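Which chain is which? The protein sequence lines are X and P, in order.
Count the first sequence with my numbering and you get residues 1 to 54, in order.
Count the second sequence with my numbering and you get residues 1001 to 1260, in order.
Only one structure is covered here, and it is reproduced in the block below.
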Amino acid sequence: MTHLPFIAAAYGLAVLVGAGFAVDAWLRVGRARRKLDAIDPRRQRARSAREHDA
Amino acid sequence: MVRSVDSTPALAPSPARSLHRFANPGRFLRISGWVLPWLAIPALVLTLGGLAWGLFVAPADYQQGDAVRIIYIHVPAAWLASGGYLALALCSAVALVWRHPLADLAAVEIGPVGAAFTALCLATGSLWGKPMWGAWWVWDARLTSVLVLFFLYFGHIALVRAFDDPTRGYRAGAILALVGVVNLPVIKFSVDWWNTLHQPATLTVTGSPSMHVDMLWPLLVCIAGFSLGFAAIVTARLRAAVMERRIRGLLLTQAQVPEW
C-alpha cells in the first residue's frame, strides 16, 4: 500500500475523534443519570413505586 | 358571554407550537432514549463497514495511488463540518425566534462536535495534500474558507460560555452562528468562483459523480455512517445537557429552601 503513514494517520484520527466523542457522551449521560436519580424527588418516587409493585 | 372550554375552536398547529411539544425535558428524554440506539447502532455498522470497504476493497486511484483512501474520511468530515454548522445555525434561529429552550442547548452541544469534524477535515486534507501537492497547507480559497468555519465554531463555543448569565451567552452565540452562515456558500462555491488548487465538487445533486462507482459506494456508506454518528453523538450530548440542567435547577431549589 502506497502512502501508508498518511492513510494510517487519517484513519487513526477519525477513530480517535469518533470514539472520543462517543465515550465522552456516554459517560456524561451516565454521570448525569446517576446524579439525577440521587436528588430528583420525582425519580425517587417512581423508583419506590416500582420497588413497591415488585 | 362565557364560552365553554368544549366550544373553543381548535387552534391550527403552528411550527412554534409543534416545536414546543418537544421542549418538555421529560418528553425529550423519553423520545431521545428511544431514538438513540436507532441512530448509534446503524452509525457504528455503516461507519466501520464503509471504512473497511474503502481501506481494503475499493480500488486505488491510477494517479493518487492508495492516498485516495483518505477521501473516505475527508469527504464525510467536510460534509459534517458544513452540515453541522447549518444545524447549529438552524437551532440558533429557532432559539432566537421561538425561544425554544432545547434549541439553545442543541446549538451549544453541536458546536464542539462540529468543530472536531472540521478539524478532522482540515487534518485529513493536510495528510492527503502533503503526498499529492507536496505541501501540508496552501492558502487556497476552499482550505481558507474551511479554516474560517473552524474559527466560527470556536468563536461560538467561546461566546456561549463567556457570560455569567447563560441566556445572554446563548443569544450572543446564536447571532454569531447566524452571521457565520454566510461562509457556507463561500465554502461550497469557492472552487467555482476562484481558481483553486482544491478540485471541484465530485458529488453534485444534479450531475453524475465524477468518480468510479467502486469508489463511490464506500464513500456514500461512509457519509451515511458519519452523519448518523454525528446525530447520535449530538443526541446523547443533548440528553446529558438536559439532565444537567435539571440537576442545576434541583440543587438551586434545595439551596434556597431554608432548613428549620
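Ideal placement from N, C-alpha and C gives every residue a C-beta, glycine not left out.
Since the model is a prediction, treat every value here as computed from it, not as a measurement.
Beta-carbon neighbours of residue i, restricted to chain P and to distances below 7 Å
i       : result
X:Ala25 : Ile1233, Ala1236, Arg1237 and Ala1240
Reference residue i; option with closest CA among the options
i         : options                                       : result
P:Val1148 : P:Leu1184, P:Asn1195 and P:Val1160            : P:Leu1184
P:Leu1203 : P:Trp1193, P:Asn1195 and P:Ile1223            : P:Ile1223
P:Gly1050 : P:Asp1165, P:Leu1122, P:Leu1096 and P:Pro1218 : P:Pro1218
P:Ala1240 : X:Arg33, X:Ala46, X:Ala38 and X:His52         : X:Arg33
P:Val1113 : X:Thr2, X:Val17, X:Pro5 and X:Val29           : X:Val17
P:Val1191 : P:Ala1107, P:Trp1139 and P:Ala1135            : P:Trp1139
P:Phe1154 : P:Phe1189, P:Pro1209, P:Trp1194 and P:Leu1088 : P:Leu1088
P:Val1213 : P:Phe1163, P:Pro1037 and P:Ala1058            : P:Ala1058
P:Arg1030 : P:Leu1176, P:Met1243 and P:Cys1091            : P:Met1243
P:Val1097 : P:Tyr1170, P:Thr1206 and P:Leu1252            : P:Tyr1170
P:Gly1229 : P:Phe1028, P:Ile1041, P:Ala1052 and P:Asp1104 : P:Ile1041
X:Val23   : P:Leu1152, P:Ala1232, P:Gly1173 and P:Ile1071 : P:Ala1232
Closer than 8 Å to chain P by CB, residue i
i       : result
X:Arg45 : no
X:Ala49 : no
X:His52 : no
Minimum Cβ-Cβ distance from residue i to chain X less than 8 Å
i         : result
P:Met1211 : no
P:Gly1229 : yes
P:Leu1147 : no
P:Ala1116 : yes
P:Lys1188 : no
P:Ala1123 : yes
P:Met1243 : yes
P:Leu1055 : yes
P:Asp1006 : Summary for P:Asp1006: the model assigns pLDDT 43, below 50, so the residue's position carries little reliability, and this model does not support an answer.
Contacts of residue i in chain X (Cβ-Cβ under 8 Å)
i         : result
P:Thr995  : The structure shown has nothing for residue 995 of chain P, since chain P only spans 1001 to 1260.
P:Arg1246 : Leu36 and Asp40
P:Leu1120 : Leu13, Ala14 and Val17
P:Leu1051 : Tyr11 and Ala14
Neighbourhood of residue i by C-beta distance below 8 Å, restricted to the same chain and skipping five residues each side
i         : result
P:Ala1023 : His1100, Pro1101 and Leu1102
P:Val1035 : Thr1235
P:Ser1007 : Low per-residue confidence applies at P:Ser1007: pLDDT is 43, beneath 50, and the placement is therefore not dependable, though the value from the model is reported in the following sentence. Correct list: empty, nothing qualifies.
P:Ala1077 : Phe1117, Thr1118, Leu1120, Cys1121, Thr1124 and Phe1226
P:Trp1137 : Ser1126, Gly1129 and Leu1143
Beta-carbon proximity list for residue i, same chain, < 6 Å, skipping 5 on both sides
i         : result
P:Ile1073 : Thr1124
X:Pro5    : none
P:Val1068 : Asp1061
P:Val1005 : Confidence at P:Val1005 is low in this model, with a pLDDT of 40, below 50, so its placement is unreliable and the value that follows should be read with caution. So no residue of the chain qualifies.
P:Gln1256 : none
P:Leu1046 : Val1221, Ala1224 and Gly1225
Contact set between residue i and chain X, taken where Cβ atoms lie within less than 9 Å
i         : result
P:Leu1219 : Chain X residues near P:Leu1219: none, gap ~14 Å exceeds 9 Å.
P:Leu1252 : Residues of chain X passing the Cβ test: none, with the nearest at roughly 11 Å.
Beta-carbon contacts of residue i that lie in its chain and below 7 Å, excluding the five residues immediately before and after
i         : result
P:Glu1109 : Val1234, Arg1237, Leu1238 and Ala1241
P:Ala1081 : Gly1114, Phe1117, Thr1118, Cys1121, Val1146 and Leu1149
P:Arg1196 : It should be noted that the sequence gives Thr, not Arg, for residue 1196 of chain P. So the list reads Asp1140, Ala1141, Arg1142 and Ser1190, once near-sequence residues are dropped.
P:Val1002 : At P:Val1002, the pLDDT of 42 sits below 50, so the modelled position is not reliable and the matter cannot be decided from this model.
Contacts that residue i makes with chain X (C-beta to C-beta distance below 7 Å)
i         : result
P:Pro1131 : His3 and Phe6
P:Leu1127 : Phe6, Ala9 and Ala10
Any C-beta of chain C under 8 Å from that of residue i
i         : result
P:Pro1131 : The structure shown has no chain C; the protein chains it does contain are X and P.
Query raised in the report: Which of the residues in the region 1065-1076 of chain P, read from start to end, lie with their CB under 8 Å from any CB of chain X?
Result: Of all residues in the region 1065-1076 of chain P, Gly1065, Asp1066, Ala1067, Arg1069, Ile1070, Ile1073 and His1074 have a Cβ within less than 8 Å of some Cβ in chain X.
Requested in this report: Below 7 Å between beta carbons is the criterion; list the residues of the region 1163-1177 of chain P that meet it against any residue of chain X, in chain order.
Outcome: Cβ contacts with chain X come from no residue of the region 1163-1177 of chain P.
**Report entry** Residues of the region 5-17 of chain X whose Cβ lies closer than 8 Å to any Cβ of chain P, in chain order
**Finding:** From the region 5-17 of chain X, only Phe6, Ile7, Ala9, Ala10, Tyr11, Leu13, Ala14 and Val17 have a Cβ closer than 8 Å to chain P.
Query raised in the report: If you measure beta-carbon to beta-carbon, which residues of the region 1093-1113 of chain P are closer than 7 Å to chain X?
Result: Cβ contacts with chain X come from Val1113.
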